[in-house]
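Q: Next up is a structure, given as structure tokens.
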Amino acid sequence: MDPTPLIETARAHVEWARAAAHGRSTHTVHGGHDRALRQAVVALRAGTTLHEHHNTREATLQVLAGRVRLTTGTQVVEAVTGDLVTVPTEAHTLDAVEDSALLLTVALGALDTVAVVGSAGPAYSWQEDWA
887 MDPTPLIETA RAHVEWARAA AHGRSTHTVH GGHDRALRQA VVALRAGTTL
937 HEHHNTREAT LQVLAGRVRL TTGTQVVEAV TGDLVTVPTE AHTLDAVEDS
987 ALLLTVALGA LDTVAVVGSA GPAYSWQEDW A
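First residue of the sequence shown: 887, per this note's numbering; consecutive thereafter.
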């Protein structure tokens, strides 16, 4: 039952995201594919986009640092440090307006993938991309 230093973890991952070719860095801080809940620190370099996808489970994003834009077909929400946003189950994109760190919390279920709209198969596997 040790505390997780989220701010320290977020700062480190923002630095790694800045240096990464794909502009992101992720670290699971709680849970996993064998648990009912997963929490991951996700860091994005400014200008990085997580392309259109939809979430099949309940999820939230807490902005630990920076500014992000969550866009659906009907709504655009900007969130800044300290904001908590419910992730929609409809198709959406996530853009890092500034270098940002997020705490992604997902209630896991029987499915292990998030599908990209219009794709023939899964785009992200929680076990591969968000671990």
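The beta carbon of each residue, even a glycine, is placed where N, CA and C say it ideally should be.
All values reported here derive from a predicted model rather than from experimental measurement.
For V949, is the classification buried or exposed, using 16 other Cβ atoms within 10 angstroms of its Cβ as the cut-off for buried?
A: buried
Q: Following the continuous beta strand (DSSP E) through L990, name the residue where it begins and the one where it ends.
A: Looking at the DSSP string, the run of the beta strand (DSSP E) that includes L990 is 986-993.
Q: Quick one: what does DSSP say R953 is sitting in, helix, strand or coil?
A: strand
Q: Tell me the rounded alpha-carbon separation between L930 and D985.
A: 6 Å
Q: Under 8 Å, do H899 and S911 count as touching if we go by C-beta distance?
A: Contact flag set, yes.
Q: Contact defined as beta carbons within less than 8 Å: I believe T934 pairs with G909. What is the distance between those atoms, to the nearest angstrom?
A: 4 Å
Q: Can you give, in chain order, each stretch of the beta strand (DSSP E) that sits fully within the stretch 914-973 and has at least 3 residues?
A: 923-930, 935-939, 945-951, 953-958, 962-966, 970-972
Q: On the premise that E938 lies in contact with H913, defined as a C-beta separation below 8 Å, what is that separation, rounded to the nearest angstrom?
A: At roughly 24 Å, the Cβ-Cβ gap does not stay under 8 Å, so H913 and E938 are not in contact.
Q: Run the CB neighbour count on A993, radius 10 Å, all protein chains shown included, and call it buried at 16 or more, exposed below.
A: That one is exposed.
Q: Can V927 and L970 be called in contact, C-beta distance under 8 Å?
A: no
Q: My assumption, with CB atoms under 8 Å, is that A982 sits in contact with A906. Please give the rounded CB distance.
A: Not quite, the Cβ-Cβ distance comes to about 12 Å (not below 8 Å), so this is no contact.
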